[in-house]
Structure formats: C-alpha cells, structure tokens
Amino acid sequence: MIPRTMRAARLDANLSVDVVEMDVPSIGSGEILVRTRACGICTGDIMGWYMRRKAPLVFGHEPAGEVAAVAPDVVAFRPGDRVFVHHHAPCMTCRLCARGEYVQCVAWRNGKLVPGGMAEYFAVPAGQVRADTLRLPEHVTFADAALVEPLACTVKSLRRAALRGGERVVVIGLGIMGQLHVILARHVGAAQVIGLDRVPFRLDRARELGAHAALHVDERDPVEAVGELTGGDMADAVIVGPGSIEAMELGVRLAGRGATVVFFTAGRPDDHLAIAPYDLYFREIRVVPSYSCGPNDTREALDLIDHGVIRRPQLVTHEFPLDQVADAYRTAAMASALKTIVTFGA
Numbered sequence: 212m213i214p215r216t217m218r219a220a221r222l223d224a225n226l227s228v229d230v231v232e233m234d235v236p237s238i239g240s241g242e243i244l245v246r247t248r249a250c251g252i253c254t255g256d257i258m259g260w261y262m263r264r265k266a267p268l269v270f271g272h273e274p275a276g277e278v279a280a281v282a283p284d285v286v287a288f289r290p291g292d293r294v295f296v297h298h299h300a301p302c303m304t305c306r307l308c309a310r311g312e313y314v315q316c317v318a319w320r321n322g323k324l325v326p327g328g329m330a331e332y333f334a335v336p337a338g339q340v341r342a343d344t345l346r347l348p349e350h351v352t353f354a355d356a357a358l359v360e361p362l363a364c365t366v367k368s369l370r371r372a373a374l375r376g377g378e379r380v381v382v383i384g385l386g387i388m389g390q391l392h393v394i395l396a397r398h399v400g401a402a403q404v405i406g407l408d409r410v411p412f413r414l415d416r417a418r419e420l421g422a423h424a425a426l427h428v429d430e431r432d433p434v435e436a437v438g439e440l441t442g443g444d445m446a447d448a449v450i451v452g453p454g455s456i457e458a459m460e461l462g463v464r465l466a467g468r469g470a471t472v473v474f475f476t477a478g479r480p481d482d483h484l485a486i487a488p489y490d491l492y493f494r495e496i497r498v499v500p501s502y503s504c505g506p507n508d509t510r511e512a513l514d515l516i517d518h519g520v521i522r523r524p525q526l527v528t529h530e531f532p533l534d535q536v537a538d539a540y541r542t543a544a545m546a547s548a549l550k551t552i553v554t555f556g557a
C-alpha cells in the first residue's frame with residue numbers, strides 16, 4: 212500500500228541537508244510513481260555555487276527503484292517493475308532531437324522528477340516515462356543502477372571526444388567522473404590513458420582501474436610530464452573534469468595536434484576563458500563541451516553495467532541509509548570519497 216506521506220532529503224541554500232516529511236506525489240496521465248531504492252549523490256549536487264541557485268529543493272537525480280503505481284494509460288510499465296529513471300528526457304520529435312542534440316531540447320530542459328530522486332517516492336512525468344525510463348536487467352541491483360546516469364554522461368563525453376581507438380587520452384581530475392572516464396577510455400581502445408589529480412588515493416585508484424600513468428599535478432609540471440609520456444606528441448583527447456579556468460587552460464596546453472579538449476563541467480556564469488585562436492587554428496584543436504546525457508547514452512550505460520564493464524565495488528566507496536543522508540552529503544564532498552550512494556529500506 213502506498214502511504215500518504217514520505218521522507219525526503221531537502222537541501223537548503225546553506226548546503227545543509229535535512230530529512231523532512233512531505234506528501235507522496237500524485238500522478239496524472241502517462242505518469243508513474245516510483246518507490247526509490249537507491250540514489251547516488253552527483254558531483255553537481257555538492258557544487259556549492261550551482262546548488263545555491265536552486266535551493267531549497269529535494270535534491271538527487273541518480274535514482275533507481277521499483278514502480279509503485281502507474282496511470283491507467285501507461286502500458287509500458289506495471290507495479291513491481293525495477294527501473295532506472297532519468298531526471299530529464301527529450302521530446303524525440305523536435306529539430307534538435309532529430310540532430311541528436313537531446314539536452315538542448317526544450318522538453319529535456321523542462322523535465323524533472325517530483326519532488327526529486329532523494330525521496331522515498333517520486334513521480335515521473337509522461338515524457339520521461341516514454342523516452343528515458345529503463346527496466347533493469349535481472350542481475351543489475353538498484354545500487355548498480357544508481358551509476359547509470361553518471362556513466363551515461365561519461366559515455367557522451369567520450370563520444371564527443373571522438374575516440375575511435377588508439378588515442379592518447381589525458382583525464383584531468385580523478386573523482387568519480389574521472390575514474391569512469393579512465394575505465395571507458397580503456398574499454399574503447401585508448402592506447403594510453405594518463406590521469407591527473409592532487410589526491411594520492413584517487414591517483415592509486417586510477418592506476419588500479421587501468422590508467423597507464425597517474426600524475427600528481429603539484430609534484431611535477433603536468434605539461435612536461437605528459438610531453439615525456441607521449442614522446443612529445445601530447446594528448447589526442449583531453450577530458451577536463453573540473454569546471455575551473457585553471458583546469459580548462461591546462462587542458463588546452465596538454466592537447467596535441469588535431470586533438471579534442473572536452474569541457475566536462477560548467478564554469479561559473481561570470482567566468483571567462485582566454486584562448487589563443489592562432490594556436491587553436493594551426494594545430495586544429497577542437498574545444499567541445501559535454502553536458503549531461505540523452506536516452507541513447509543511458510541505454511549504453513545500462514548495457515555496460517549489465518555486462519560488467521563497470522562494477523560498483525570499484526567506484527562506490529560509501530553507502531548510507533536515508534536517515535544518514537546529511538552524513539552522506541558531507542562525505543560525498545570529501546577527497547577520500549569517490550561515489551556515495553543513499554539506500555532506501557525495503
């Protein structure tokens with residue numbers, strides 16, 4: 212039986228998290244209600260300047276759970292189905308969707324989970340039900356499925372980096388998203404993967420996950436080091452994880468001739484990046500942003516998890532129950548954490 216009220220994690224403008232009681236959301240035509248079983252804490256959830264603009268809110272957009280109820284006109288799902296739900300979904304019919312630019316679709320931009328993924332129940336709008344709610348394979352757990360959304364963002368990032376195999380790839384920043392880039396770059400056939408970070412734990416984990424080299428950026432000049440490791444050619448693809456101008460500038464400096472530099476995280480609204488177009492032009496350096504992911508990416512991500520390319524024990528360092536979500540949020544911001552997941556009782 213579905214209760215009238217539920218618990219949810221609310222984030223305020225001071226980046227403080229409290230468990231509050233609120234009504235279970237109702238559903239309308241084409242919608243489903245999902246009982247949350249696991250929800251990851253995204254790197255964006257702990258990015259202060261970004262979240263303060265949205266607060267207060269029930270945060271969380273990496274949920275997996277089981278369908279609790281469906282509207283009468285929903286035929287694709289039924290109560291009891293185990294699902295991953297993307298918090299955004301495109302219309303699949305507009306000009307932008309036809310070009311595969313799903314995150315630029317107006318419907319995608321307007322999509323959301325109600326009230327958010329870090330709640331015992333959430334409602335899924337009809338657009339997401341149609342375009343980006345995925346039934347989980349039998350042996351993919353709810354906690355596994357909490358990795359679908361971040362992995363899908365990585366899938367898209369490496370596609371935009373145009374990896375075809377044989378490239379030299381540099382990954383700047385080895386938090387959870389950097390580690391996913393390391394694994395996937397190796398999986399698609401990169402000849403050399405070099406990770407950069409300041410945290411010894413992250414450097415060690417990147418080596419364990421397949422990085423050919425993992426360099427502490429404060430111990431040696433990264434441009435010089437990458438030059439030596441690549442025989443002077445530098446990188447064919449650079450993934451710039453942090454949204455800082457410093458990291459973006461470094462990414463461009465590490466790029467070799469004909470390389471692609473992917474900006475994976477947004478800078479602040481008032482940040483400006485100085486570039487030398489002469490250098491970009493004659494070395495034909497492509498600078499490409501990669502924002503979130505579309506339904507093609509989530510399907511590929513779930514398939515990668517299903518086939519064991521991505522394994523949760525490699526990446527999830529902390530799990531907390533909902534009652535301890537404030538501790539989970541603080542932990543997720545620590546350098547010693549890769550992925551933190553909140554679990555919901557049976």
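Start counting the sequence shown at 212; every next residue gets the next number (the working numbering). Quick reminder that beta carbons are idealized off the backbone N, C-alpha and C, glycines included. Keep in mind the model is a prediction, meaning the values are calculated, not measured.
- Val437 and Ile383 do not touch by the CB rule: their CB atoms are close to 10 Å apart, not below 8 Å.
- In the structure shown, Asp343 falls within a coil segment according to DSSP collapsed to helix, strand and coil.
- Across the set Asn507, Gly406 and Glu419, the C-alpha of Gly406 shows the shortest separation from the C-alpha of Leu426.
- Between Val335 and Val296, the C-beta spacing is below 7 Å.
- Restricting attention to Asp444, Asp538, Leu414 and Gly421, the CA atom closest to the CA of Glu430 is found in Leu414.
- Per the DSSP secondary-structure output, Leu244 pairs in a beta bridge with Ala280 and Ala334.
- In the three-state DSSP reduction, Asp482 falls in the coil class, being neither helix nor strand.
- For Pro411, the enclosing alpha helix (DSSP H) begins and ends at Pro411 to Glu419.
- For the options Glu312, Met262 and Ile252, the alpha carbon positioned closest to that of Met545 is the one of Ile252.
- Within 10 angstroms of the beta-carbon of Gly469 lie fewer than 16 other beta-carbons, which makes it exposed.
- In the structure shown, His299 falls within a coil segment according to DSSP collapsed to helix, strand and coil.
- Around the CB of Val434, fewer than 16 other CB atoms lie within 10 Å, so the residue is classed as exposed.
- By the criterion of at least three beta-carbon pairs nearer than 8 Å, the region 365-375 is not in contact with the region 530-550.
- Straight across, the Cα-Cα distance linking Ile456 with Gly338 is about 36 Å.
- C-alpha of Gly421 to C-alpha of Leu440: approximately 16 Å in a straight line.
- Per DSSP, reduced to three states, the secondary structure at Phe474 is strand.
- Non-local C-beta neighbours of Thr509 in its own chain, meaning closer than 8 Å and more than five positions away in sequence, comprise Phe295, His297, Asp343, Leu345, Val359, Glu360 and Ala363, ordered along the chain.
- In the DSSP assignment, Glu378 falls outside any alpha helix (DSSP H) and carries neither an H nor an E.
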